[in-house]
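Residue numbers (this note's numbering): -15 to 278.
We treat Cβ as the ideally placed atom computed from N, Cα and C, and that holds for glycine.
Every value quoted in this text rests on a predicted model; they were computed, and no experiment measured them.
Taking it in order: structure first as structure tokens, then the write-up.
Set out below in structure tokens:
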């Protein structure tokens, strides 16, 4: 709606994960490099964790792009609230296994055949599980057992990537999953962006859509956006998208703190200092990242 008004080629703050918009902070570069290295080196189990909205799915989409370009067979389990039988059925469909996909036994035989065939051709295969913190215990145990598929000469035949919220780490610490925990060779963790990174993130997305050296969000406003979103990329996208829509409605090409206040209220954002302002009798939306007057 507002793209023509601001001279944008496409939506800069779309909430859908898109590798084309990947902001390559040192943290994200390291995480992606570890995922690719783990696959290439046949490390077996790799775990990617991070709070809600920190960009885990975007990382996985970037990995999928790499795997497709490299011709690597992979299965992507995107819905983790499944039974063990459904888990094997999803793998069979994704890998296009020629078998009765409702039979765990046949899926395992067909999967083993595919993995050996790929290994003999010098290739590996990958299983990616998103939202892995939701997996039931019995499904996690089945995944652990898949990690036993290996060749003494080649190594692990199936590289398994588990991605989830911090609850996944706590789940893997459970005594009944200690065998799985011991098999995890690489761990990647995504943290919220710093103030500098949040600023660069916003500017990089606008630049990708056609606005270099943006002046839509003043420097002080960028700092306040970072504070109120706590550096969570998904929240930054939602806030900036709503602010651009508000600026378009008001026919101005510069966003303001008042617009941010309105968006913060609509999105019910909470951030450090907001409740303190209420206690002091100040406006709950008074910018809290800077010293205030008496």
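Checking the DSSP bridge columns, you'll see residue 59 partnered with 111.
Under the Cβ criterion (8 Å, minimum of three pairs), the stretch 81 to 95 does not count as touching the stretch 39 to 57.
Residue pairing of residue 172 in beta bridges, as defined by DSSP: 32.
Just so you know, the alpha carbons of residue 251 and residue 153 end up roughly 29 Å apart. By the neighbour-count definition (other C-beta atoms within 10 Å, threshold 16), residue 249 is an exposed residue. In this structure, the beta-carbon distance from residue 169 to residue 28 falls below 8 Å. Annotated three-state conformation of residue 102 is helix, per DSSP. Rounded to the nearest angstrom, the Cβ distance from residue 128 to residue 81 is 20 Å, too far for a contact under 8 Å. Residue 195 sits close to residue -8, with the two beta carbons spaced by under 8 Å. Here residue 184 is actually not in contact with residue 198; their C-beta atoms are around 11 Å apart, not less than 8 Å.
Two segments are said to touch when three or more pairs of C-beta atoms, one from each, lie closer than 8 Å; by this definition the stretch 60 to 80 touches the stretch 109 to 116. When beta bridges are read from the DSSP output, residue 143 appears opposite 110. At least 8 Å separates the beta-carbon of residue 143 from that of residue 91. Counting along the chain, residue 46 sits inside the alpha helix (DSSP H) bounded by residues 40 to 54.
Cα atoms of residue 203 and residue 241: separation of roughly 11 Å, rounded to the nearest angstrom.
Runs of the alpha helix (DSSP H) spanning 4 or more residues and lying entirely within the stretch 207 to 235 occur at 217 to 233, in chain order. About 18 Å separates the CB atoms of residue 33 and residue 131; that is not less than 8 Å, and the two are not in contact. Among the bridge pairs identified by DSSP, residue 134 is matched with 140. Comparing C-alpha distances from residue 26 to each of 107, 258, 201 shows the shortest one belongs to 107. Shortest Cα-Cα distance from residue 211 to any of 256, 35, 138 involves 256. Closest in alpha carbon position to residue 243, among 206, 214, 216, 215, is 206. Around residue 22, the same chain offers 30, 170 as residues with beta carbons nearer than 6 Å, after the five sequence neighbours per side are excluded. The Cβ atoms of residue 145 and residue 182 lie no closer than 8 Å to each other. When the alpha-carbon of residue 48 is set against those of 8, 3, 84, the nearest one is in 3. Beta bridge pairing from DSSP links residue 148 with 33. When DSSP states are grouped into helix, strand and coil, residue 198 belongs to the coil group.
Excluding five sequence positions before and after residue 7, the CB atoms of its chain that fall closer than 6 Å to its own CB belong to 185, 188, given in chain order.
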